[in-house]
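In the order they appear, the protein sequences are chains P and L.
Anchor point for the first sequence: position 113 equals 113 in my numbering, and the numbering is continuous, going up by one each time.
To convert, take the position in the second sequence, counting from 1, and add 354; that gives my numbering.
C-beta: ideal position from N, C-alpha, C; glycine also.
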Amino acid sequence: MLILRPRNISLTKKISIFFFLVLSSFLIFALILFFLKKNPLLIYKTIFFTPFYDFYSFSEVIVKSTPLILTGFSVLIAIRIGLWNIGVEGQLVLGAIFSSIFSLYFTKYFPSSTHLFFALFFSLVGGALWSFFPIILKLKWKINEIISSLLLNYVAIILMEHLYFGPLRDPMGFGFPGTAIFPQSVWLPRLWHTRISIALFIVLALILLFYFFLKKTPTGYKIKVIGENPKAAQYAHFKQKKLLLAMFLLSGAMAGLAGGEEVLGIHRRLQQGLAIGYGYDGIIAAFLAQKNPLLLPLVSIFLSILKVGAEEVQSVFHLSASFTQVLEGFILLAFLMAKTFSEFKLTRVKTVKN
Amino acid sequence: MKMNPLVSLRNISKSYGSVRANDKINLDIYPGQILALLGENGAGKSTLMSILAGKSLPDEGEIYYQGQRVFLTSEKDSLALGIGMVYQHFMLIEEMQVWENIALGQEEGFWVRKNKIKEKIKDLIAQYDFTLDVDARVKDLSMGEKQRVEILKLLYQDSKILILDEPTSVLTPQETEKLFAGLRKMAREGRAVIFISHKLEEVLEISDEVAILRKGQIVDRVATRDIASPKELALKMVGREVLLDLKPREIEPKEEVLKLENVWGEKLKNINLSLRRGEILALVGVAGNGQQELVEIITGLKRKYQGKVWLFGEEARLFFDSPKSRDYLAYIPEDRLGMATCPELVLTENFLLTLRHHFQKGPLVDYKGAERDLWSKIEEFKIKTPGTHLKARQLSGGNLQKLVLAREFRREPKLIIAEQPTQGLDIGAMQEVWKLLLKAREKAGILLISGDLGEALSLADRIAVIFAGEIVTTFSSRDGEKVAQIGFFMAGGK
Chain P
1 MLILRPRNIS
11 LTKKISIFFF
21 LVLSSFLIFA
31 LILFFLKKNP
41 LLIYKTIFFT
51 PFYDFYSFSE
61 VIVKSTPLIL
71 TGFSVLIAIR
81 IGLWNIGVEG
91 QLVLGAIFSS
101 IFSLYFTKYF
111 PSSTHLFFAL
121 FFSLVGGALW
131 SFFPIILKLK
141 WKINEIISSL
151 LLNYVAIILM
161 EHLYFGPLRD
171 PMGFGFPGTA
181 IFPQSVWLPR
191 LWHTRISIAL
201 FIVLALILLF
211 YFFLKKTPTG
221 YKIKVIGENP
231 KAAQYAHFKQ
241 KKLLLAMFLL
251 SGAMAGLAGG
261 EEVLGIHRRL
271 QQGLAIGYGY
281 DGIIAAFLAQ
291 KNPLLLPLVS
301 IFLSILKVGA
311 EEVQSVFHLS
321 ASFTQVLEGF
331 ILLAFLMAKT
341 FSEFKLTRVK
351 TVKN
Chain L
355 MKMNPLVSLR
365 NISKSYGSVR
375 ANDKINLDIY
385 PGQILALLGE
395 NGAGKSTLMS
405 ILAGKSLPDE
415 GEIYYQGQRV
425 FLTSEKDSLA
435 LGIGMVYQHF
445 MLIEEMQVWE
455 NIALGQEEGF
465 WVRKNKIKEK
475 IKDLIAQYDF
485 TLDVDARVKD
495 LSMGEKQRVE
505 ILKLLYQDSK
515 ILILDEPTSV
525 LTPQETEKLF
535 AGLRKMAREG
545 RAVIFISHKL
555 EEVLEISDEV
565 AILRKGQIVD
575 RVATRDIASP
585 KELALKMVGR
595 EVLLDLKPRE
605 IEPKEEVLKL
615 ENVWGEKLKN
625 INLSLRRGEI
635 LALVGVAGNG
645 QQELVEIITG
655 LKRKYQGKVW
665 LFGEEARLFF
675 DSPKSRDYLA
685 YIPEDRLGMA
695 TCPELVLTEN
705 FLLTLRHHFQ
715 KGPLVDYKGA
725 ERDLWSKIEE
735 FKIKTPGTHL
745 KARQLSGGNL
755 QKLVLAREFR
765 REPKLIIAEQ
775 PTQGLDIGAM
785 QEVWKLLLKA
795 REKAGILLIS
805 GDLGEALSLA
815 DRIAVIFAGE
825 IVTTFSSRDG
835 EKVAQIGFFM
845 AGGK
């Protein structure tokens, strides 16, 4: 029988274990590609070189990583206080819906210089609203937030489809499922002739702010304690419910901002192709970042490289881009194994023979 | 009469981190014998037995069953050989009935033959003179009854070796008598019983043979009838003279800091209690008689109760909303790692848990200041740690407890609730904690909740006995007559 025994090893060894395991997951995946009669070397080359082919290609990696950083951030905020927000996808959708409705119908009531601010603000409100239901159910009736937040994702997506197929559909859109283009005053300014918008810097600033908030302030301290050990928080007479509520709403708001950023910065309308799994990828990103907000951008960029590379592979090799999800899964598994093996070693013991 | 041992342990070693819990232990277990494993907390008794029960694996060493080498990699392996253990923390399913718990995992065939199983259990109950209702739900049972369910679980599968880890710690003296009678019967039937304890008197009463463990080694093994002087045994167990007589001079109690008037709760019945600054009141009783609820009410963790609680002359509800509550009341919980600290946070952060308001710089937490303060406490309380950036779970039990005490005393409280403050500590750490509590008494009133009568008697000025949610009696610890009757009170006698 094989059992795990605790062990202590150096950091370099831990990191090498991780890279070894990631490498082996690439090897296993190569084997799969080989059986599909594709050349794994060529495919890997495409994945990892395309994003660095020129500046524009790399900028697309950044474009893809921006919502991912936000959804990862959203999951991470909830985790830090000991909650699981699996409803990021739905909150993202609600954020997009709210800012779309504002952009389409309410801009005329506000001076144009404030349009962008309010459009972003309503995306926060939308996301927070969608996270309000699971957390209030949890605090009032102890209903598991994992299930309720997850189920609300489907509600949000159907609501969005109803809106862009129905009441919000662009009358001049020739049947295209989507709303009309938003007025220019709510567009997120793009930089350097790429699709990178100023949202990226807003996101990075928010992450930095959150990092120092956790590290330095009394409330940040309380959040850490509640997340690590709710019983200790109770022992120290912390007012837990208020903080749980506030943090979950903040988590939802960040997810909503991801939706706002997508519609205001990329699509500039509400249309099909918004709910493509950023919410779920955020869980992976938060996990790989190990609860550390500062690592989130790096992790998100890495995952986005895979995504951008995969799109190229799809068009060149006619291999569905969703194969990156398999690869992502492999990498997550490698990471989990590396975590286990850096604390335990596998040893063989004999068993009773009766 | 020397027969062949049923099980032999050879050169068993087991380390946890840098602590050598078992160090090359040799032990033979004979059928028909009650063997007592005697040793201080942390001597390695439980570790050794959990190896025999298949719960943990030894780092080195061999185990022989009837002369054949065996590898016990899981509890299932051990049970298959007829080795079973009753742990201190019971492993029962609270929502299920007694008979279901006993039969769990031993179903023969596809169908559960309820009546047959129940008959077999009832026979066992009669055989060992246990009183137990097989249809009762486990959650409704007392601690003593739950223990009987655990023992019946092992007897039901006809275990040949029964290991009991500190079985008397949850029992009243009467229940203990009954248990001992049952154990003697089991030994007469040829079973081997291993009895883990740190209480000298009961070991002398029940065992045929005593093995003494100290610091992970077996220092002696003697037949119980050959023991001339129990004092010598104690010396072997502890390794040095124990200064049990640290009874301090009495100090004049000052103002009242805690008062309970007719408090009723889920378990509690009409509790009246008063505590003054400068005295230690020990609340003794068998675990599970309402102590926990009482502590939760006094420390403000439970707000639903009837009656009045006064803290420093103020009603509890008002007190907990006032800034005074930050420092006046300190609570040292039994669950150090689960409640008093966050295992994954570093020591400085844990130090801040109840001290935040002392370390604020404008709107921010003054971590640097807290760290400086912690360093001075590390020296003052002799906490053994390489630094302040260690995680709480990396500290040993004794050092963690000292950290908690350092933190709570730093607040200069006027009322201290100390719950099993020395449980699991070695004798050195235990004495240090006792000294700290006695010193704190000069400035505070202390409510000591303890399952250890020795501790209660050597520290307390007054003793209150709790049974079934009621305070049976309160008396001075100098009242020899009453002290002699504690066992009687703990069983509900008046």
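Any beta carbon of chain P sitting closer than 7 Å to that of L/Leu360?
As a first step, residue 360 of chain L must be located in the second sequence, where it is residue number 6. It does not: the Cβ of L/Leu360 has no partner Cβ on chain P nearer than 7 Å.
Please list the partners that L/Ala794 has in chain B, where partner means a Cβ-to-Cβ separation under 8 Å.
Note that chain B does not occur in the displayed structure, where the protein chains are P and L.
Find the nearest neighbour of L/Pro687 within the set P/Ala236, P/Gly282, P/Phe287, P/Leu298, judged by alpha-carbon distance.
Looking up residue 687 of chain L in the second sequence gives position 333. It is P/Ala236.
Could you check which residue in L/Lys722, L/Leu683, L/Val700 has the C-alpha nearest to that of L/Leu691?
Position 337 of the second sequence, counted from the start, is the residue given in the question as residue 691 of chain L. With distances taken between Cα atoms, L/Leu691 lies closest to L/Val700.
Residue range of the beta strand (DSSP E) that L/Val663 falls in?
Here residue 663 of chain L corresponds to residue number 309 of the second sequence, with the count starting at 1. Per DSSP, L/Val663 belongs to the beta strand (DSSP E) from 660–665.
Give a yes or no on contact between the stretch 230–247 of chain P and the stretch 95–112 of chain P, applying the rule of three or more CB pairs nearer than 8 Å.
no
Applying a beta-carbon distance threshold of less than 8 Å, which residues of chain P neighbour L/Glu448?
Along the second sequence, read from residue 1 onward, the residue named residue 448 of chain L stands at position 94. In chain order: nothing, as chain P lies at least about 19 Å away.
Pairing CB atoms from the stretch 109–125 of chain P with CB atoms from the stretch 274–285 of chain P, are three or more of them under 8 Å?
no
Contact defined as beta carbons within less than 8 Å: I believe L/Leu612 pairs with L/Leu629. What is the distance between those atoms, to the nearest angstrom?
Position 258 of the second sequence, counted from the first residue, corresponds to residue 612 of chain L. Position 275 of the second sequence, counted from the first residue, corresponds to residue 629 of chain L. Right, their Cβ atoms sit about 4 Å apart.
Need the endpoints of the beta strand (DSSP E) that L/Asp574 sits in, please.
Walking along the second sequence from the start, residue 574 of chain L turns up at place 220. Note, L/Asp574: beta strand (DSSP E), 571–577.
Quick one: what's got a C-beta closer than 7 Å to L/Tyr384's C-beta in the same chain, skipping five residues either side?
The residue given as residue 384 of chain L occupies position 30 in the second sequence. So the qualifying residues of the chain are Met357, Pro359, Leu360, Ala546.
Would P/Ser74 and P/Ala255 qualify as a contact pair, given that the criterion is a beta-carbon distance under 7 Å?
Residue mapping note: residue 74 of chain P aligns to position 74 of the first sequence, counting from 1. Residue mapping note: residue 255 of chain P aligns to position 255 of the first sequence, counting from 1. Yes; because the gap between Cβ atoms is below 7 Å, this pair is in contact.
Does the distance from the CB of P/Gly95 to the CB of P/Gly127 come in under 7 Å?
The sequence position of residue 95 of chain P within the first sequence is 95, counting from 1. The sequence position of residue 127 of chain P within the first sequence is 127, counting from 1. Cβ distance < 7 Å, so P/Gly95 and P/Gly127 count as in contact.
Only counting the same chain, and skipping five residues up and downstream in sequence, which positions put a Cβ closer than 6 Å to that of L/Ile566?
On the second sequence, position 212 is the one that residue 566 of chain L refers to. If we look at L/Ile566 and ignore the five residues flanking it on each side, its Cβ neighbours are Leu392, Val573, Asp574, Lys590, Met591.
Can you grab the Cα-Cα spacing for the pair L/Ile581 / L/Phe444, in whole Å?
Position 227 of the second sequence, counting from 1, holds the residue named residue 581 of chain L. Position 90 of the second sequence, counting from 1, holds the residue named residue 444 of chain L. Cα-Cα distance, rounded: 33 Å.
So that I know if they touch, is there some Cβ in chain P lying closer than 7 Å to that of L/Arg726?
As a working mapping, residue 726 of chain L is identified with position 372 in the second sequence. It does not: the Cβ of L/Arg726 has no partner Cβ on chain P nearer than 7 Å.
Apart from the five residues on each side of it in sequence, which residues of its chain come closer than 7 Å, Cβ to Cβ, to P/Phe118?
Sequence index remark: in the first sequence, residue 118 of chain P carries index 118 (1-based). Answer for P/Phe118: Phe102, Phe110, listed in chain order.
Distance cutoff 7 Å, beta carbons only. Does P/Asn292 sit that close to anything in chain L?
Sequence index remark: in the first sequence, residue 292 of chain P carries index 292 (1-based). Taking Cβ atoms only, chain L never reaches closer than 7 Å to P/Asn292, which makes this a no.
DSSP puts L/Ser369 in a beta bridge; with which residues?
The residue given as residue 369 of chain L occupies position 15 in the second sequence. Paired residues: L/Arg374.
Answer with yes or no whether the minimum CB distance from P/Thr347 to chain L is below 7 Å.
Your numbering for residue 347 of chain P matches position 347 in the first sequence. Closer than 7 Å: no.
Which complete alpha helix (DSSP H) runs does the stretch 489–560 of chain L hold, if anything under 4 residues is left out?
497–510, 527–542, 554–560
So, with DSSP's three-state summary, where would you put P/Gln271?
As a first step, residue 271 of chain P must be located in the first sequence, where it is residue number 271. P/Gln271 falls in the strand class under three-state DSSP.
Give me the Cα-Cα distance between L/Glu556 and L/Lys656, rounded to the nearest whole angstrom.
Counting from 1 along the second sequence, the entry for residue 556 of chain L is found at position 202. Counting from 1 along the second sequence, the entry for residue 656 of chain L is found at position 302. About 37 Å.
Could one say the Cβ of P/Tyr211 lies closer than 7 Å to chain L's Cβ atoms, at least one of them?
Taking the first residue of the first sequence as position 1, residue 211 of chain P is located at position 211. No, P/Tyr211 lies away from the interface with chain L (no Cβ there is under 7 Å from its Cβ).
Report the partner residues of L/Asp382 according to the DSSP bridge assignment.
Numbered from 1 along the second sequence, position 28 holds the residue referred to as residue 382 of chain L. Paired residues: L/Ser362.
What I want to know is whether the C-beta of L/Leu672 ends up closer than 6 Å to one or more non-hydrogen atoms of the ligand FAD.
Among the ligands in the structure shown, none appear at all, so the ligand FAD cannot be discussed.
On a CA-only basis, which of L/Lys539, L/Glu414, L/Ala390 is nearest L/Val576? Give me that one, please.
What you label residue 576 of chain L is simply residue 222 of the second sequence in a count that begins at 1. Taking only the C-alpha atoms, the option nearest L/Val576 is L/Ala390.
What are the residues in the stretch 211–236 of chain P lying within 7 Å of chain L by C-beta distance?
So the list reads Lys216, Thr217, Pro218, Tyr221, Lys224, Val225, Glu228, Asn229, Lys231, Ala232, Gln234, Tyr235, Ala236, given in the order they occur along the chain.
Exposed or buried, which one is P/Arg5 when buried takes at least 16 other CB atoms within 10 Å?
Walking along the first sequence from the start, residue 5 of chain P turns up at place 5. Residue environment for P/Arg5: exposed (fewer than 16 other C-beta atoms within 10 angstroms of its C-beta).
Check the DSSP bridge columns for L/Phe829 and list the partner residues they point to.
Along the second sequence, read from residue 1 onward, the residue named residue 829 of chain L stands at position 475. According to DSSP, L/Phe829 bridges with L/Ile817.
So which residues of chain L does P/Ile359 contact, with C-beta pairs closer than 7 Å?
The displayed coordinates of chain P run from 1 to 354. Any statement about residue 359 of chain P would go beyond what the structure contains.
Going by other Cβ atoms of all chains shown within 10 Å of its Cβ, with 16 needed for buried, is L/Ile505 buried or exposed?
On the second sequence, residue 505 of chain L is found 151 positions in, with the first residue counted as 1. Buried, because 16 or more other Cβ atoms sit within 10 Å of the Cβ of L/Ile505.
Please name the residue or residues paired with P/Thr347 in a DSSP beta bridge.
Walking along the first sequence from the start, residue 347 of chain P turns up at place 347. Bridge partners of P/Thr347: P/Ile3.
Which of the residues in the stretch 698–725 of chain L, read from start to end, lie with their CB under 9 Å from any CB of chain P?
Taking 9 Å as the Cβ-Cβ cut-off against chain P, the residues of the stretch 698–725 of chain L that qualify are Glu698, Leu699, Glu703, Asn704, Leu706, Leu707, Thr708, Arg710, His711, Gln714, Pro717, Leu718, Val719, Tyr721.
Keeping to the same chain, check which residues put their C-beta closer than 6 Å to that of L/Asn365; ignore five residues upstream and five downstream.
Counting from one through the second sequence, the residue named residue 365 of chain L turns up at place 11. Closer than 6 Å at Cβ, skipping near neighbours: Lys378, Gly415.
When you check each C-beta in the stretch 561–587 of chain L against every C-beta of chain P, which residues fall closer than 9 Å?
none
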